[in-house]
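Participant: In the working numbering, the protein residues as written are 956 to 1097.
By construction, the Cβ of each residue, glycine as well, lies at the ideal position given by its N, Cα and C atoms.
1. Give a yes or no on contact between the stretch 1021 to 1030 and the stretch 1055 to 1069, applying the rule of three or more CB pairs nearer than 8 Å.
2. Would you mind sorting residue 1038 into buried or exposed? The rule is 16 or more other CB atoms within 10 Å of its CB.
3. Taking Cβ to Cβ, would you say residue 1073 is nearer than 9 Å to residue 984?
4. Excluding sequence positions up to five away, which residues of its chain have a Cβ less than 6 Å from the Cβ of residue 1021?
5. Grouping DSSP H, G and I as helix and E and B as strand, with all else coil, what is residue 1041?
6. Roughly how many angstroms separate the alpha carbons of residue 1095 and residue 1012, rounded to a whole number?
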């Protein structure tokens, strides 16, 4: 682990160098400004559903896996960032209710949700895990 201290920063930053593979992907992404390396998953849930149970379950997964609490900090004078692992990270779920929308509008909105992260520029200095929950019908979620 590499400790960096910069008097212009309000905090010390403890992080790890990127692996050669990560560094290669970082350079490719920064040259192409392409979000091709984003992993995305959509799951359709039918039936009775408890958002709090989902949140607790996902929080347990984040607590167990450091990569889900990792951000990438590029400090002054650095062109390649460090991986910085947060000790803890409270997850949040962005909730959208489109259950009252007409069917055509639902389809358009779902497509928009699924494609928006491929076009948005990610801020790698923040935790990059994003969780959205879309209520499509009274007992159907994505």
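Facilitator: In this structure, then:
1. At 8 Å Cβ cutoff, the stretches do not touch.
2. By the 10 Å Cβ count, residue 1038 comes out buried.
3. Here residue 1073 is not near residue 984, since their CB atoms are 9 Å or more apart.
4. Within the same chain, and ignoring the five residues on either side of residue 1021 in sequence, the residues whose Cβ sits closer than 6 Å to its Cβ are 1040.
5. In the structure shown, residue 1041 sits in coil (DSSP, three-state: anything other than H, G, I, E or B).
6. Their backbone Cα atoms lie some 19 Å apart in a straight line.
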